[in-house]
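Colleague:
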Amino acid sequence: MKIARFETFLVPPRWLFLRVETDEGVVGWGEPVVEGRAATVRAAVEELMEALIGADPLRIEDHWQTLTKGGFYRGGPVFASAVAGIDQALWDIHGKVRGAPVHELLGGAVRERVRVYSWIGGDDPAESAEQATAQVEAGLTAVKMNATGPFRFIETRAQVAATVRRAEVVREALGEERDVALDFHGRVSPPMAKRLMAALEEVAPIFVEEPVAPELGHAIAGLIAASPIPIATGERLFSRWEFKPVLDAGVAVVQPDLSHAGGISEVRRIAALAETYGAALAPHCPLGPISLAASLQVAFATPNFLIQEQSLGIHYNVDNDLLDYLVDRSVFSFEDGTIARPTAPGLGIDVDEAAVREASARGHRWRNPIWRDADGAFTEW
Ligand SMILES: [Mg+2]
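So the sequence shown is numbered by the numbering used here: it starts at -7 and just counts up by one.
1) Look up residue 136 in the DSSP assignment and say whether it is helix, strand or coil.
2) So, at 8 Å on beta carbons, what are the nonlocal neighbours of residue 18 in its own chain, with the 5 sequence-adjacent residues on each side left out?
3) Report the CB separation of residue 26 from residue 93 in whole angstroms; it is logged as a contact under 8 Å.
4) Should residue 274 and residue 302 be called a contact, given that it needs their Cβ atoms to be closer than 9 Å?
5) How many whole angstroms separate the CB atoms of residue 315 and residue 287, which I take to be in contact at a CB cut-off of 8 Å?
6) CB of residue 307 to nearest heavy atom of ligand 1: below 8 Å?
7) Along the chain, where does the beta strand (DSSP E) containing residue 9 start, and where does it finish?
8) Does residue 331 come out as helix, strand or coil in the three-state DSSP assignment?
9) Note the first and the last residue of the continuous beta strand (DSSP E) segment covering residue 158.
10) Have a look at residue 197 and residue 16 and give me their C-alpha separation to the nearest angstrom.
11) Helix or strand or just coil, what does DSSP make of residue 348?
12) At a threshold of 8 Å, does residue 175 count as lining ligand 1 (C-beta to nearest heavy atom)?
13) Could you tell me whether any non-hydrogen atom of ligand 1 is closer than 8 Å to the CB of residue 207?
14) Would you call residue 216 buried or exposed, if buried means 16 or more other Cβ atoms sit within 10 Å of its Cβ?
15) Would the beta-carbon of residue 252 be found less than 8 Å away from any heavy atom of ligand 1?
16) Tell me where the beta strand (DSSP E) around residue 22 begins and ends.
17) Under the three-state reduction of DSSP, which class applies to residue 171: helix, strand or coil?
18) Using 9 Å as the threshold, is the C-beta distance between residue 135 and residue 111 below it?
19) Within a Cβ cutoff of 6 Å, which residues of the same chain sit near residue 171, ignoring the five residues on either side of it in sequence?
20) Where does residue 225 fall in DSSP's three states?
21) Below 8 Å, can you find three or more Cβ-Cβ pairs linking the segment 315 to 333 to the segment 342 to 349?
22) With respect to 8 Å, is the separation between the Cβ of residue 258 and the closest non-hydrogen atom of ligand 1 below this value?
23) Buried or exposed for residue 79, going by 16 or more other Cβ atoms inside 10 Å?
24) Alpha helix (DSSP H) containing residue 232: first to last residue?
25) Is the closest heavy atom of ligand 1 to the C-beta of residue 55 under 8 Å?
26) Would you tell me roughly how many angstroms separate the C-alpha atoms of residue 229 and residue 121, rounded to the nearest one?
27) Less than 9 Å between the C-beta atoms of residue 237 and residue 267, yes or no?
28) In three-state terms, what does DSSP make of residue 246?
29) DSSP beta-bridge partners for residue 306?
30) Measuring only from the beta carbon, is residue 276 closer than 8 Å to any heavy atom that is part of ligand 1?
31) For a quick check, are the C-beta atoms of residue 292 and residue 103 less than 9 Å apart?
32) Compute the Euclidean distance between the alpha carbons of residue 144 and residue 188, then round it to the nearest angstrom.
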């Protein structure tokens, strides 16, 4: 069997899908995208796929090595995301050829259900408590929110108090038996991260995410020494080599994104690396259905899995949402805040190709916001 052809589809709200077909008519889907840079990743996918036309789709590891290391200039979000989507599509094909869901090819299921969390509050956490209550009513047992809006290098006492108050109100809405994750979104400076984490101790979040921007990862060890709150990071780290320093620093939870960090092959290895540090895996996934399906396949086969992000109703999903490109939407049904183990071959989803083609005719031009401080200077979004 050989890889015969491929197509990419730029679909709203902000995604890129990849369809790979073999000479025997087996089709695999992947989701290679960097949010806001979909067209750039599309170009990288087209360049990388040149080497795969005519190749055996089942030699996934060999392709992963060649795609990742075969270019003298390597690494970074664009290449790693392009490889991630290709890797997902090849695993989808592999599963369909073997008649098995991918998690069975990864060693078999280690759990029957996967706990998920939903986003609340959008970019501005103002209405978070109301939304937390709605998620509890929908059966979710965990939510995530941005802890702050734009946050200055050293913030006022009032801003710190407002941040803590919002988190407290959400904690009150959730009760003691559910969890809230607080995403600092790389917006917070190292000194303010230290101050905020101390102030948030009583809220007892399941974790604080990206306490500082990824290039300031060397500041994480100090934050861990100063706070009992578990720290999670990794949505902007792209390989096991990039995760090793934050694991050395002592993070509790790694959050590789299945569409950014080299796909199923590499996230599986990042999880195993994390296991050697006593750390857990919580795949990042604010993206589309193929990315979530790939995340779930890893989650079902990974012993040190903690919780799965998913994007249903997320603030980015304005024109289209998570379920719009699926034939059978029940594969992502929640029950008691969990998703059941998928049993269909490959990634376990049936992509609605007609809907994808129709939406790709519209496409999208999603870009992340650029935030500015009161004095007009750039500030982290
Ligand atoms: Mg985040």
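Cβ coordinates follow ideal geometry from the N, Cα and C atoms, glycine included.
Modeller: Put simply:
1) In the structure shown, residue 136 sits in a strand (DSSP, three-state: E or B).
2) Taken in chain order, the residues that qualify are -7, 49, 85, 88 and 89.
3) At roughly 27 Å, the Cβ-Cβ gap does not stay under 8 Å, so residue 26 and residue 93 are not in contact.
4) At a Cβ-Cβ threshold of 9 Å, residue 274 and residue 302 do not count as neighbours.
5) Between residue 287 and residue 315 the Cβ distance is about 15 Å, and since that is not below 8 Å, they are no contact.
6) Ligand 1 has no heavy atom closer than 8 Å to the beta-carbon of residue 307.
7) Looking at the DSSP string, the run of the beta strand (DSSP E) that includes residue 9 is 7 to 14.
8) In this structure, residue 331 counts as strand in the three-state DSSP scheme.
9) Residue 158: not part of any beta strand (DSSP E); member of the alpha helix (DSSP H) spanning 149 to 166, first to last residue.
10) Residue 197 and residue 16: Cα-Cα distance of roughly 50 Å.
11) The three-state secondary structure of residue 348, taken from DSSP, is helix.
12) Flag set: Cβ of residue 175 near ligand 1.
13) False, no ligand heavy atom lies under 8 Å from that Cβ.
14) Flag for residue 216 reads buried.
15) Residue 252: no, Cβ never under 8 Å from ligand 1.
16) Unbroken beta strand (DSSP E) run through residue 22: 19 to 22.
17) In the three-state reduction of the DSSP assignment, residue 171 falls in the strand class, which pools E and B.
18) Taking 9 Å as the Cβ cut-off, residue 135 and residue 111 qualify as a contacting pair.
19) Only 134 and 198 meet the Cβ criterion.
20) Three-state result, residue 225: strand.
21) Three or more pairs of CB atoms, one per stretch, sit closer than 8 Å, so the segment 315 to 333 contacts the segment 342 to 349.
22) Flag unset: Cβ of residue 258 not near ligand 1.
23) It counts as buried.
24) Counted as a single uninterrupted DSSP element, the alpha helix (DSSP H) harbouring residue 232 occupies residues 232 to 241.
25) No, the Cβ of residue 55 stays beyond 8 Å of every heavy atom of ligand 1.
26) Taking the straight line from one Cα to the other gives about 31 Å.
27) Going by beta carbons, residue 237 and residue 267 fall outside the 9 Å limit.
28) Residue 246: strand per DSSP, three-state reduction.
29) Paired residues: none, contrary to the question.
30) Because some heavy atom of ligand 1 lies under 8 Å away, the Cβ of residue 276 counts as near it: yes.
31) In this structure, residue 103 lies closer than 9 Å to residue 292 by Cβ.
32) Answer to the nearest angstrom: the Cα atoms are 13 Å apart.
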